[in-house]
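Protein chains: 2
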Amino acid sequence: MKMAIPFKSPPPVKLSKFNLGLPTGISPLRAFNSQANANTINLGLGKPWEDMPPELRELVPRILKERLDYTENAGLLQVRRKLELHYGLSESSAVLTHGAQEAIFAALLALLNRGDEVLIPDPGFLAYAPMVRMLGGKDKFYALARKKNSFHFDPEAILKAITKKTKVVILNAPGNPVATLRGDLCIFLKAMEKKGIFVISDEVYGELVYEGVYAPLAQESKQVVSINAFSKSHALTGWRIGWVAARNPDLYKRLLVAHQYISTCASVPAQRLVGELLEDRNLFRSIIARYRSEYKAKRDLLFHELGNTELVRPEAGFYAFLPIPKTFSSSLAFAKALLAKKDVLVIPGEFFGKNGKRFVRVSFAVPDDWIKQAAAALKSFF
Amino acid sequence: MKMAIPFKSPPPVKLSKFNLGLPTGISPLRAFNSQANANTINLGLGKPWEDMPPELRELVPRILKERLDYTENAGLLQVRRKLELHYGLSESSAVLTHGAQEAIFAALLALLNRGDEVLIPDPGFLAYAPMVRMLGGKDKFYALARKKNSFHFDPEAILKAITKKTKVVILNAPGNPVATLRGDLCIFLKAMEKKGIFVISDEVYGELVYEGVYAPLAQESKQVVSINAFSKSHALTGWRIGWVAARNPDLYKRLLVAHQYISTCASVPAQRLVGELLEDRNLFRSIIARYRSEYKAKRDLLFHELGNTELVRPEAGFYAFLPIPKTFSSSLAFAKALLAKKDVLVIPGEFFGKNGKRFVRVSFAVPDDWIKQAAAALKSFF
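Note that the protein sequences, when read in sequence, are chains U and Y.
For the first sequence, the positions run 28 to 409 when this note's numbering is used.
For the second sequence, the positions run 28 to 409 when this note's numbering is used.
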């Protein structure tokens, strides 16, 4: 396999003309992923291992009997009420969005003035920093605490990273690439309230904690914007349906205005589908329960096959963030070699921030035989 | 009927905390519209008079047999190719978006640096100026040329309004609230190319020109971003599916990046539905032909009922922009009085810019008996 395929953004073109904060090309993760061919064991993808569940597909004819034209900007009232009730959110605190991506974008758009600092987890989801920069904010990072070969979530480290210019802190726990659980945030939230700092809590992996109950953080403090979607919890990625919620009525109004100008309203067929799903609580829960148990089983298979008892297993989601041996100069070098020699694709940890540079992200939301083949390949490299 | 119902945004709250460019409340148009009750003859809405056509509803079971998970950021390749072919666009020039709203937002996000001026039509669509401001740009207006009681599109006036800071010109012809046709833009586009100014051409009413063929302006110049959606042409408002297209490859890349960070990809069921629609050219065209003839008939009914032969009839879309009598102090006063005395809701023209302040916007995308009742009410006021 040739290794000359570009995986970095091309050099900036006519930068003076276009938005200076906007990246000049697609994300390095997507570019790296595009090197997979039909035979590659691809553990680079960030999506559920199966398409929309058949039980949900069966609900679609029902929604076709209803109106499918514009709704209120916030989304259909009856769907929002069901959502708020289901998640213990205050009435009129949720806006239905075009997935979590639009929800995060709307929250940043609503909150940021030029030069406002946003604290972002390192390692963390690649898209946060570019989004902050393209909206005129300044991206700063806080480190997830490292304990040998794993990361954990440390509110104290965030408090230390705060400056006078900090406007927003992004939390993503459990997150991507590291599924650290968030634990008790009482003291942290009190500090945010005192300082008037806002928290964007990206909870898209919240329902995929293997043992536990998910509750949106927004309900705990008026400083918090909670974001979630049905993409991971119910494998509805392509339907692009999620939500953003805030108890603070001023903030809620701003989120709604931002959302209105970005997208008018969320996809109405998707709104109605989620309405049907929320109506049937057993169905709602059974799908989540199935994914939780399947991801946990896939995680166990991966770690069993890797056979290294020192590796710490994630407690949520579908990513393992694995340390690479010292013999490789970088995570990119490791991932390139693994792809070239074994045709196994994993994501270099350096894409997720400088604290990720000695790790690779391995998605186990794939068929079991891929996990086995990938584990064998990884093992031969360790 | 009480007239104390608020129709203006509430006063700013904690402005220092939130995005300074963001409006502090929902649009005045939506606020004014919310005064309608169940009995109001509401000619304030900006949407097709019927929900999704039954022929399109019948296509949905077909798309349920296909994958509905994430697609490429730009959208499904086969759908984009069909779209590009259908509209005579270059290959790889289109991105599928969450309706025209997201497309306009993405175009502005891709193009603007802080302080860049954007020229906006007056009268024109309300959302342009707030979008420009929330993205750090400066909104400036150019006047649509007035000829007695009608407006027409005058490229010369735009050229005169251009300053050294002008980065983008927004065109919306035929538009909202005035359905002026765009005519020959050859000289105008040459000037834009020479000056390096970009044109965002909002073409959502392009397919609703009663006599004529719609062709995206993007194909005519590398400076142009064309935007369209299936919301008006095929009454698919709630599906939120549209597109943005640009021939300039650097600009195209930026549009794609902006779109990726705003929304990941357009709704996949909606992408597939549009794919099916584009596959069946007869169906595609027959729906447009039906709407064109219905809107034209509704326009004729409205103007016949009004009985004033001096009024100029629009040649596209579903809005009449009607002058108000001198006896009223403002378009808002007129619209409030019409609502209070006749329970007929029309939109004050002043919401669309200072050139609209002696007009009201009347949507005729409503049942025929509403048109008759509204015309009688309007006539009694003229």
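For every residue, glycine included, the Cβ atom is placed at its ideal position computed from N, Cα and C.
Figure out for me which residue from the options has the closest Cα to the Cα of residue i.
i	options	result
Y:Pro394	Y:Glu77, Y:Leu349, Y:Leu146, Y:Thr193	Y:Glu77
U:Pro350	U:Ala343, U:Glu342, U:Phe361, U:Ala297	U:Phe361
U:Leu370	U:Gly380, U:Arg340, U:Ala404, U:Ile398	Here residue 370 of chain U is Asp; the residue named in the question, Leu, does not match the sequence. Ranking the options by Cα distance to U:Asp370, first place goes to U:Ala404.
U:Tyr346	U:Asn69, U:Ala134, U:Arg274, U:Lys280	U:Asn69
U:Leu372	U:Leu72, U:Arg312, U:Ala218	U:Leu72
U:Ile315	U:Glu238, U:Leu47, U:Ala297, U:Glu247	U:Glu238
U:Leu95	Y:Leu83, Y:Gln105, Y:Glu247, Y:Asn100	Y:Leu83
U:Leu235	U:Trp397, U:Ile374, U:Ala170, U:His261	U:His261
U:Arg141	Y:Phe59, Y:Thr264, Y:Leu47	Y:Leu47
U:Ala137	U:Leu333, U:Ser313, U:His286	U:His286
U:Gln62	U:Ala367, U:Phe386, U:Val387	U:Ala367
U:Ser258	U:Val231, U:Met219, U:Ser248, U:Gln246	U:Val231
U:Phe330	U:Lys384, U:Gln400, U:Arg312, U:Asn64	U:Gln400
U:Ala297	Y:Arg385, Y:Arg319, Y:Ile268	Y:Ile268
Y:Ser54	Y:Gly223, Y:Lys323, Y:Leu153, Y:Arg319	Y:Leu153
Is the CB-CB distance between residue i and residue j below 8 angstroms?
i	j	result
U:Lys165	U:Asp143	yes
U:Thr98	U:Val295	yes
Y:Pro148	Y:Phe348	no
U:Val226	U:Lys194	no
U:Leu282	U:Ala127	no
Y:Gly102	Y:Leu86	no
Y:Asn309	Y:Leu171	no
U:Ser177	U:Arg274	no
U:Gly334	U:Pro150	no
Y:Ile131	Y:Ile289	no
Y:Ala392	Y:Lys187	no
Y:Gly245	Y:Ser228	Per the sequence shown, residue 245 of chain Y should be read as Ala rather than Gly. Against a cut-off of 8 angstroms, the Cβ pair of Y:Ser228 and Y:Ala245 comes out as a contact.
Y:Glu247	Y:Leu216	yes
Y:Glu332	Y:Ile374	no
U:Arg89	U:Glu303	yes
Y:Gly376	Y:Ser358	yes
Y:Ile189	Y:Lys222	yes
Quick check on residue i: does DSSP put it in helix, strand or coil?
i	result
U:Asp395	helix
U:Thr193	strand
Y:Arg267	coil
U:Leu282	helix
Y:Ala63	coil
U:Lys44	coil
Y:Pro38	Low local confidence applies: a pLDDT of 36 at Y:Pro38 is under 50, so the model's placement there is unreliable, with the coordinate-based value given in what follows. DSSP places Y:Pro38 in coil when its eight states are reduced to three.
U:Met30	Note that U:Met30 scores 40 on pLDDT, short of 50, meaning its location in the model is unreliable and no value can be drawn from it.
Y:Ser390	strand
Y:Pro201	coil
U:Ser358	helix
U:Arg173	strand
Y:Ala101	coil
Y:Lys384	coil
U:Asp277	helix
Y:Pro375	strand
U:Leu123	strand
U:Lys74	coil
Y:Lys406	helix
Y:Lys249	coil
Y:Ala242	coil
U:Phe180	coil
If you measure from the CB of residue i, is any heavy atom of the ligand SAM nearer than 7 angstroms?
i	result
Y:Asn46	The ligand SAM is not part of this structure, which contains no ligands at all.
What are the residues in the stretch 272-292 of chain U lying within 8 angstroms of chain Y by C-beta distance?
Asp277, Leu278, Lys280, Arg281, Leu283, Val284, Ala285, Gln287, Tyr288, Ile289, Ser290, Thr291, Cys292
Select from the stretch 120-137 of chain Y all residues with a C-beta closer than 7 angstroms to any C-beta belonging to chain U, and list them in chain order.
His125, Gly126, Gln128, Glu129, Phe132, Leu136, Ala137
Select from the stretch 293-319 of chain U all residues with a C-beta closer than 7 angstroms to any C-beta belonging to chain Y, and list them in chain order.
Ser294, Val295, Pro296, Ala297
So within the stretch 294-357 of chain U, which uninterrupted beta strand (DSSP E) runs reach at least 3 residues, ignoring any that extend past its ends?
346-350
Which ranges does the beta strand (DSSP E) cover as unbroken runs of at least 3 residues, wholly within the stretch 132-158 of chain U, from first to last along the chain?
144-149
Give, in chain order, every residue of the stretch 45-78 of chain Y whose Cβ lies closer than 7 angstroms to some Cβ of chain U.
Phe45, Asn46, Leu47, Leu49, Pro50, Gly52, Ile53, Lys74, Asp78
With 8 angstroms as the limit, tell me which residues of the stretch 137-151 of chain Y have their beta carbon closer than that to any beta carbon of chain U; keep them in chain order.
Ala137, Leu138, Leu139, Asn140, Arg141
Note down, in chain order, all residues in the stretch 393-405 of chain U with a beta-carbon under 8 angstroms from any beta-carbon belonging to chain Y.
none
Which residues of the stretch 154-180 of chain U have a Cβ closer than 9 angstroms to any Cβ of chain Y? Give them in chain order.
Ala154, Pro157, Met158, Met161, Leu162, Gly163
At a CB distance below 7 angstroms, what residues from the stretch 242-275 of chain Y approach chain U? Give them in sequence order.
Thr264, Gly265, Trp266, Arg267
Name, going along the chain, the residues of the stretch 86-116 of chain U whose beta-carbon falls closer than 8 angstroms to a beta-carbon of chain Y.
Val87, Pro88, Leu91, Arg94, Leu95, Asp96, Tyr97, Thr98, Asn100
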